[in-house]
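Report on the structure given below.
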Amino acid sequence: MNKTKTSEQPDTSLNFFNDWKYAPAPESKDHIQLKKQYGLFINGEFVPPTSKKYFDTINPATEEKLAEIAEADEKDVDLAVNAAAKAYNNVWKKMPGKERAKYIYRIARMIQERAREFAVIETMDGGKPIRESRDIDVPLAANHFFYYAGWADKLNYAFPNRNPQPLGVAGQIIPWNFPLLMAAWKIAPALATGNCVVLKPAETTSLTALKLAEIIAESGLPNGVVNIVTGFGKTGAAIVNHPKVNKVAFTGSTDVGKIIQKAIAGTSKRVTLELGGKAANIVFDDAPIDQAVEGIVNGIFFNQGHVCCAGSRLLVQEGVADIVIRKLKDRMETLIVGDPLDKNTDIGAINSKEQLLKIQEYIKIGINEGAELHQSSCSLPNKGFFCKPTLFLNTSQSHRLVQEEIFGPVLAVQTFRTVEEAIEKANNIPYGLSAGIWTDKGSKIFNLTTKMRAGVVWANTYNKFDPTSPFGGYKESGFGREGGLHGLLPYLSL
Amino acid sequence: MMTTIDIPNFRMSPVVDQVGVEERVARFTTRSIKKSSKLQALKLALNMIDLTTLEGKDTSGKVKQMCYKAAHMCDQLQDIPTVAAVCVYPNHVRTAKTALTGTGIKVASVATAFPSGNTTREVKLSDVRFAVDEGADEIDMVISRGEFLEGNYSFVFDEISSIKEVCGSSRLKVILETGELSTLDNIRRASDIAIYAGADFIKTSTGKIQPAATMPVTLVMLQAIKDYYYKTGKIVGMKPAGGISSSKLAIHYLVMVHETLGDKWLTNEWFRFGASSLANDILMQIAKEKYGTYQGKDYFSND
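If you read the protein sequences in the order shown, they are chains A and B. For the first sequence, our numbering begins at 1 and goes up steadily by one. For the second sequence, our numbering begins at 1001 and goes up steadily by one.
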C-alpha cells in the first residue's frame, strides 16, 4: 500500500460537551419512611440502647443528617446474643426446613414489594447511584433470600449422607459498600441452615439493615431469630468475643479480618472472612477492545470503586495499550458524576469523609511515586464527598498504588508483553479475590482461569454477581465462600 | 495536502463481544430526556431524517407530494426544521431535485441495483452515473453481500471504491444490509471495508430485509467510525435505516451517538435516520410538548 506522511497530526479529538444536556431526573424521596431515631432490633422489637448513646448517620452526597442510630455496647450485644441463643434452642433449630423456608421467602417478597424505598434509602445513606441500588443491590438482595429459601428443606440433598446440622448463633459483621446486599448475603444462608443471627451493619450505613429489621418484624419471623445491633468497631468486637457466638462471618477490611482471627484463636468458633482485594483486569491484544473498555469502567468505577472485587489494576498488553487508554479516557469523559439520586448519575458520592481522605491520600502517593495522573474533566458538586474518576498510567508492580487496596475510583494501569507476564503480575499481590480476562480466544480464557490465584475470575465481563455462584477469596482476601451451594457450608457442621 | 492511509487487513478487523455490546446499549436507553432536552432532541432527530419512498409503484406525482411534505413538515407548528433529504430511485431524482429547489433539502438516490445488488459492476456503475447526472446529492449503494460472505473482501472494497469514483462530488452512503451479515463481527468487518474504500456514510439497511437497524448493530458501526477517526481525523457519517419508527427510539439513538462519538456527529451532516414513519411521530411529540396533549394521527399529514 502506498503511504505518504502528513506533516501535522490530524485532529482526532472528540467533544462530549455540546449544548444538548440530559434532563435532571432525581428520584423522589416522598415515599420513604425514616424515623428520627433508631433503636436496636433485639428479640423481635426495637429497643433503646442501654448506653443511651446515639450517633448520626448522614447523606454523604449532601452531608445532611438522616437519622440517629443507637450505639450498642457489650450489654446490648449480650442481650442480642442471648435472644438469638434462646430463639435457636426453643424454636428455630427444631423447625422443619420447609417451615423456615416460608419465612425466608416472605422476607424476599417483602424486599421486592418495598424495592423502591430500599433503593432510595440505600442511595441516600451510602452515596451510591440510584441506578445501581435500584437495578443491582436491591434485586440481588431479594434474590439471595429467594435462592437460600429454596435450600432450607434440601440440606440433606446438598450434602448427602452427611447429616448437616446448624451451628447455633452466627455473629455477622458487614461493610458499608453494599449495606443491604451484604446483610442478605449473611442472613439468608444462616437462616436457611437453621442458625440464628446477630448482625452489625457498618456505622455509616445502618439504615437499610434497620429497614430490613422492620420487614423481619412484620414477616412474623420468631422473635430473636434475627437481631440487628448498630455501632462502631467496639460493637463488632463485642459480637466476635461473645462466648455464645458459635460462628463469625465478616466482610470488610483485611486489617479487621486479622484482628478477628486473632480474637477467636483458641475458641471453637467457626469463621469466614471476605476481605480486601486488588484485582487484575487483564486485556489481551485479541480482546474485543470496545467492550473491554466498558468492562474496565464497570470494574473500577462501579459503586465509586468501593468494591472489594473491583478491577483496580488494569493489565493491558503492550500492542493495544495506546488504543485502550485512549478509549478509556474518552469514555471517562462521558461518565456523569453527581447527585446519586439522579437516574442519569453514573458515579455517586464517596461513602464517608474518612474514605474520601484515604482516596485523596492515595492519589497524592501516586503522584509522588511518579505515576502519570489522568482524571475526567467533570466538575464535582460543591457539597458532599466526591472524587473524579481517576487513572494512573505508567505504574509498575512496585508502586504502592498497584499493591495496596484504595477502595475508590482510582485505577492503576500497567502494561505486559506475554501471557506468562500477565499471570505473574496478576498473582504477585497479597490479595486474591477476583480477576478479569479479556480475549476473544476461548483456550486462553481456560488456561488463565486455572492459573489465577483468585476466587472469582470473569471472562469478557466484570462485576457480575448471582446468588447461585460462590464468591470468596484466596490469601489476604480471606477464606470461605458465600453464595451458591458452597455458601451453606460455613453455617453447617457436617 | 494529500493524505493516504494504510489499508488494514480486513480479516484482522477488531472483534466484537455481543453480550458487552447489548449491555452498553441498554445503558443508553435509561438516560433521562425530558422537556427542553426532549424538544431539542426531537427537532434534531427530525432534521436528520431521510424521507424515503422506494416502491415499485412510485410515480412522479407521489415523489412531488413527498417533496412538498419534506419542506413543510407541519406548517401549523412554528420553528419546525425540514428533514435532511429525500431518498428516491434514480428515475425520480430529477423530479425530486426540481421540487426541492431552494429548500436546502438534499436528494439522495439508491443505486447499484438496490436492494439486492445482484448485478454486474457495469450496470451498477451506470446506475450510479445516471443518478449523479440527474442531480443526486447523495448516493445510497448496497454492497454485494454474497461476495462478502464468500470472503471476497477485495471484491467488495474495489466495488465501493469504483462507485465512489463515479460519485464525484455526490456523497456516498454504503448500505451493509446488516440483517444479512448475521454477526456483529461481520458487521464490524464490512464497516471497515466500506470506510476504507471511501464511504462518506455507512448505513445499516435497505429497509427491505429484517432485521433492519438495531441499536447493537449501530453501536458496532459507530465504533468502526470512531476507530477510523482516531487514526485519520476524518469523519464518516452513520445512517441507521429501517425499523426506527418511534421518537423514543430515535432519542435513544441520539444518546448513543452523543456518548460514543460526541457532538461532532450530532448534525445531519454526519448522522441520518432512514425512517419515514418516524417523522410524524416526532411531530406528534413536538405538538404534545407545545399543547400539553397528544393529537390524533390525522392531525399530521401523510405524503
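For every residue, glycine included, the Cβ atom is placed at its ideal position computed from N, Cα and C. Since the model is a prediction, treat every value here as computed from it, not as a measurement.
Of all residues in the segment 1027–1039 of chain B, the ones placed with a Cβ closer than 9 Å to any Cβ belonging to chain A are Arg1027, Thr1030, Arg1031, Ser1032, Ile1033, Lys1034, Lys1035, Ser1036, Ser1037, Lys1038, in chain order. Under the DSSP assignment, Val169/A falls outside any alpha helix (DSSP H), being part of the beta strand (DSSP E) whose first and last residues are 169–173. Our two residues, Gly252/A and Pro179/A, have alpha carbons roughly 11 Å apart in a direct line.
Excluding sequence positions up to five before and after Thr1095/B, its CB lies within less than 7 Å of the CB of Ser1060, Val1063, Lys1064, all in the same chain and listed in chain order. Here the alpha carbon of Arg1024/B sits roughly 32 Å from the alpha carbon of Ile1139/B.
Looking only at Gly1117/B, Phe1155/B, Leu1172/B, the smallest Cα-Cα distance to Ala1136/B is reached by Leu1172/B. For Asp137/A, no Cβ of chain B is located within less than 7 Å of the residue's own Cβ.
A distance of 7 Å or more separates the beta carbons of Phe385/A and Lys425/A. Per the coordinates, the alpha-carbon of Val1128/B lies some 58 Å from the alpha-carbon of Ala119/A. Non-local C-beta neighbours of Gln37/A in its own chain, meaning closer than 7 Å and more than five positions away in sequence, comprise Tyr54, Ala67, Glu68, ordered along the chain. Boundaries of the alpha helix (DSSP H) around Met332/A: 318–333. For Val229/A, the secondary structure class from DSSP, reduced to helix, strand or coil, is coil. Between Asn463/A and Phe302/A, the C-beta spacing is below 7 Å. Per the coordinates, the alpha-carbon of Leu1266/B lies some 18 Å from the alpha-carbon of Gly1104/B. Under the 7 Å criterion on CB atoms, Arg1129/B is classed as non-interfacial with respect to chain A. Look at Gly1262/B: its C-beta is under 7 Å from a C-beta on chain A.
Contact annotation, Val320/A with Ile289/A: C-beta distance approximately 6 Å; criterion of less than 8 Å satisfied.
A distance below 6 Å between beta-carbons, with the five flanking residues on each side excluded, links Asn59/A to the following residues of its chain, in chain order: Leu66, Met124.
When the beta-carbon positions are compared, Thr1206/B and Pro1115/B come within less than 7 Å of each other. Nearest to Asp330/A by alpha-carbon distance, out of Phe41/A, Asp466/A, Phe159/A, Ser376/A, is Ser376/A. The residue from Thr1052/B, Thr1029/B, His1092/B, Val1236/B with its alpha-carbon nearest to that of Ile1251/B is Thr1029/B. For the segment 451–470 of chain A, the residues whose beta carbon sits under 8 Å from a beta carbon of chain B are, in order, Asn460, Thr461. Contact between Gly483/A and Ser469/A holds: their C-beta atoms lie close to 6 Å from each other, under 8 Å.
Each of Gly338/A, Pro243/A, Arg131/A was checked against the Cα of Ile350/A, and the nearest Cα belongs to Gly338/A. Annotation for Leu393/A: the continuous beta strand (DSSP E) segment containing it runs 390–393. When DSSP assignments are scanned along the segment 22–96 of chain A, the uninterrupted stretches of alpha helix (DSSP H) that are 4 or more residues long and fall wholly within it turn out to be 74–87.
At least 7 Å separates the beta-carbon of Ala70/A from that of Lys1035/B.
Here Glu1134/B has Val1093, Arg1094 as same chain residues with Cβ atoms under 6 Å from its own Cβ, once five neighbours each way along the sequence are excluded. Close CB contacts of Leu14/A within its chain, under the 7 Å cut and outside five residues either way in sequence, are with Asp330 (chain order).
When DSSP states are grouped into helix, strand and coil, Trp151/A belongs to the helix group. Within the segment 327–344 of chain A, those residues whose Cβ lies closer than 7 Å to any Cβ of chain B are, in chain order, Thr334, Lys343, Asn344. Here His374/A is near Leu391/A, since their CB atoms are less than 7 Å apart. Among the residues of chain A, none has a CB under 9 Å from the CB of Thr1204/B; the nearest is roughly 18 Å distant. Setting aside the 5 residues that flank it on each side, Leu1283/B is surrounded in the same chain by Leu1046, Met1073, Cys1074, Leu1077, Ile1080, Phe1300, each with a C-beta closer than 8 Å to its C-beta; the list follows chain order. Contact of Gly1198/B with chain A is not assigned, every C-beta pair being separated by 7 Å or more. Exclusion of the five residues before and after Ala1279/B leaves Leu1046, Ile1049, Leu1051, Met1073, Val1083 as the residues of its chain whose Cβ lies within less than 7 Å of its Cβ.
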